[in-house]
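Numbering-wise, my numbering puts 236 at position 236 of the sequence shown, and it's gapless, one number per residue. All residues carry an ideal CB built from backbone N, CA and C; glycine is no exception. Remember, it's a predicted structure, so these values are computed and weren't measured experimentally.
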Amino acid sequence: MASSASRFIKCVTVGDGAVGKTCMLICYTSNKFPTDYIPTVFDNFSANVVVEGTTVNLGLWDTAGQEDYNRLRPLSYRGADVFVLAFSLVSRASYENVLKKWIPELQHFAPGVPVVLAGTKLDLREDKHYMADHPGLVPVSTAQGEELRKQIGAAYYIECSSKTQQNVKAVFDAAIKVVIKPPQKQKEKKKKQRRGCSLLSVTPNFSFVVYVYVVTSLIDATIVSNLELVPLHYLSF
C-alpha cells in the first residue's frame with residue numbers, strides 16, 4: 001500500500017520554444033494530444049502521484065522558451081526541485097541550445113537542481129514522410145542525446161512522443177525519482193559499502209611488536225652506545 005503524500009515536488013519544464021513542452025504536459029495530465037500549436041497555455045498542475053510505492057504531490061510548471069520571456073522565465077525557477085529540459089529530436093538548434101543557453105541559465109538561477117533531459121517528437125524522427133518533406137534535416141540520434149546527458153550531468157535522458165504518448169509518463173516518473181532517490185547519493189552509498197567490504201577482506205590478521213631505540217649513554221658527540229630495544233606495544237590488525 002502506498003504511503004500518504006509526504007512532500008511536494010515542483011517540476012519546471014524548460015527548453016526552446018515549439019519543442020513540445022506544453023504538449024508533453026497536456027499529454028501527461030490529460031492523456032490527450034493537442035492538435036493545434038498554442039504557445040504555453042498550460043495551467044500549473046498539482047496532483048498526488050505514486051512512483052515506486054511513494055506518493056508525492058507533483059506540481060508542474062510550464063515556461064515559455066522564446067527570448068521575449070528571458071527576464072520573466074527565471075521567476076518560475078524559485079523553489080524548483082527538478083527541471084525537465086526538453087529539446088526536439090528533429091531540431092538540431094534546440095539540441096545545441098541545451099548547452100549554449102539552457103544549462104548556463106539553470107546553473108545561474110537554480111544551481112544544484114537536478115535535470116532530466118527529454119528528447120521530444122520521437123514519432124517525427126521515425127516518420128519517413130516527415131523526413132522526406134524536410135530534406136537536409138539530420139535528426140538527433142539516441143547516442144547523441146545520451147552524450148549530451150553526460151555533458152550536462154543530467155540524471156536521466158528519455159526520448160518521448162506526446163502524439164503517441166510513448167515514454168511521456170517515464171519522463172515525469174524520472175523527474176520524481178531523481179528527487180526522492182537522488183542517483184548520486186545512491187552511488188556514494190554503494191561506494192562506501194564496497195569500500196568497507198574490501199577493507200575487511202584484504203586486511204591481514206597478524207600481530208607485531210614495535211620497538212624504539214632508547215639511548216642510555218653517550219660516549220661522545222658522534223658515538224651512541226648502549227642502545228636498547230624496548231617493546232612499546234603489541235598491535236593487532
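Take the Cβ of residue i as the centre, count every other Cβ of all protein chains shown within 10 Å, and call the residue buried at 16 or more, exposed below.
i           : result
residue 14  : buried
residue 16  : buried
residue 210 : Bear in mind that the predicted position of residue 210 carries a pLDDT of just 33, short of 50, making it unreliable; the figure below should be weighed with that in mind. With fewer than 16 Cβ atoms within 10 Å of its Cβ, residue 210 is classed as exposed.
residue 164 : exposed
residue 182 : exposed
residue 149 : buried
residue 110 : buried
residue 207 : Confidence is the limiting factor: at residue 207 the pLDDT is only 34, short of 50, which leaves the residue's position unreliable, though a coordinate-based value still follows. By the neighbour-count rule (16 or more Cβ atoms within 10 Å), residue 207 is not buried but exposed.
residue 145 : buried
residue 22  : buried
residue 104 : exposed
residue 138 : exposed
residue 99  : exposed
residue 35  : exposed
residue 202 : The pLDDT assigned to residue 202 is 35, lower than 50, so where the model puts this residue is not dependable, and the model offers no usable value.
residue 213 : Its pLDDT being 32, under 50, residue 213 is placed unreliably by the model, and the measurement read from it follows with that caveat. Residue 213 comes out exposed.
Looking at the unbroken beta strand (DSSP E) that takes in residue i, where does it start and where does it end?
i           : result
residue 159 : 156-159
residue 76  : Taken as a continuous stretch (DSSP letters only), residue 76 belongs to no beta strand (DSSP E), as it is neither H nor E.
residue 35  : That residue, residue 35, is in no beta strand (DSSP E); it is neither H nor E in DSSP.
residue 55  : 54-61
residue 120 : 115-120
residue 88  : 82-88
residue 175 : No beta strand (DSSP E) contains residue 175, which is instead part of the alpha helix (DSSP H) from 168-180.
Going by C-alpha to C-alpha distance, which of the options sits closest to residue i?
i           : options            : result
residue 82  : 167, 130 and 118   : 118
residue 76  : 84, 87, 180 and 61 : 61
residue 134 : 43, 91 and 26      : 91
residue 9   : 87, 35 and 44      : 44
residue 71  : 59, 53, 108 and 50 : 108
residue 125 : 98, 160 and 54     : 160
residue 140 : 87, 32 and 106     : 87
residue 7   : 36, 31 and 46      : 46
residue 123 : 78, 52 and 162     : 162
residue 78  : 106, 143 and 96    : 106
Would the beta-carbon of residue i fall within 8 Å of that of residue j?
i           : j           : result
residue 12  : residue 80  : yes
residue 89  : residue 121 : yes
residue 175 : residue 84  : yes
residue 168 : residue 28  : yes
residue 180 : residue 56  : yes
residue 50  : residue 58  : no
Under DSSP, the alpha helix (DSSP H) around residue i begins and ends at which residues?
i           : result
residue 29  : 21-30
residue 10  : Here residue 10 belongs to no alpha helix (DSSP H); instead the beta strand (DSSP E) covers 8-15.
residue 47  : Counting along the chain, residue 47 falls outside any alpha helix (DSSP H), though it belongs to the beta strand (DSSP E) covering 45-51.
residue 133 : 128-133
residue 106 : 103-109
residue 67  : Careful: residue 67 lies outside any alpha helix (DSSP H) and carries neither H nor E.
residue 153 : From DSSP, residue 153 is part of no alpha helix (DSSP H); its letter is neither H nor E.
residue 94  : 92-97
The stretch 147-163 contacting the stretch 108-118, beta-carbon criterion three pairs below 8 Å: Segments in contact, yes.
Taking one C-beta from the stretch 62-78 and one from the stretch 17-26 each time, how about it: are there three or more such pairs within less than 8 Å? yes
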